[in-house]
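Peer 1:
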Amino acid sequence: MSKKLFDKKVKKQLWFLNKKEKHDLDQHLASISESDNVNVNKPITYANAYLRQYIFEDKDAKSYSMFLILVMMIFAYVALLGIFLFGLITSLSGMQFFVNPKVDLSTTVVIFTIIGAILLMFVSIYFIKIATSYFTKKLLELKFNSK
Numbered sequence: 005m006s007k008k009l010f011d012k013k014v015k016k017q018l019w020f021l022n023k024k025e026k027h028d029l030d031q032h033l034a035s036i037s038e039s040d041n042v043n044v045n046k047p048i049t050y051a052n053a054y055l056r057q058y059i060f061e062d063k064d065a066k067s068y069s070m071f072l073i074l075v076m077m078i079f080a081y082v083a084l085l086g087i088f089l090f091g092l093i094t095s096l097s098g099m100q101f102f103v104n105p106k107v108d109l110s111t112t113v114v115i116f117t118i119i120g121a122i123l124l125m126f127v128s129i130y131f132i133k134i135a136t137s138y139f140t141k142k143l144l145e146l147k148f149n150s151k
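Numbering of the sequence shown is given in our numbering, commencing with residue 5 and proceeding in unit increments.
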């Protein structure tokens, strides 16, 4: 496997890192040379070793940590999916107004409602991505520190 492909696979494996950690990873990957003892055929193993060594600190894992993280994850996803569905249903009801108007609303109000609903859907998708990366990182940190 080439060095570029190895770097790409490691970065794909560590997609949940924040900007500072991604910058540090880029510098670390650039400093790896052929003389280093790195097996470029195992990017997942390298990514796990990088997480253990550079990202996650040794913390004592509490017995309730996993439960608390999972409960928070469920509530966050329910709220974010609810916001997404609210935006979707609102935009669809706005579109229905143009197809079959049964109430007397101004067109500008309906257009602004549709635009706001679509923006709400995009914002919720963005926050779902952020929540997914946060909870992925927390669960991996808990996994690496539980041993």
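Just so you know, even glycine gets a beta-carbon here, dropped at the ideal spot from N, CA and C.
#1: Following the continuous alpha helix (DSSP H) through residue 25, name the residue where it begins and the one where it ends.
#2: Taking the alpha helix (DSSP H) that residue 47 falls in, what are its first and last residues?
#3: Quick one: complete alpha helix (DSSP H) runs, 4+ long, within the stretch 67 to 140?
#4: On the CB-based measure, 16 or more other CB atoms within 10 Å of its CB, does residue 107 come out buried or exposed?
Peer 2: Quick answer:
#1: By 1-based counting over the sequence shown, the position of residue 25 is 21. Unbroken alpha helix (DSSP H) run through residue 25: 23 to 35.
#2: The sequence position of residue 47 within the sequence shown is 43, counting from 1. Run containing residue 47: 47 to 54, per the alpha helix (DSSP H) assignment.
#3: 69 to 103
#4: Looking up residue 107 in the sequence shown gives position 103. Only exposed fits residue 107, as fewer than 16 other CB atoms lie within 10 angstroms of its CB.
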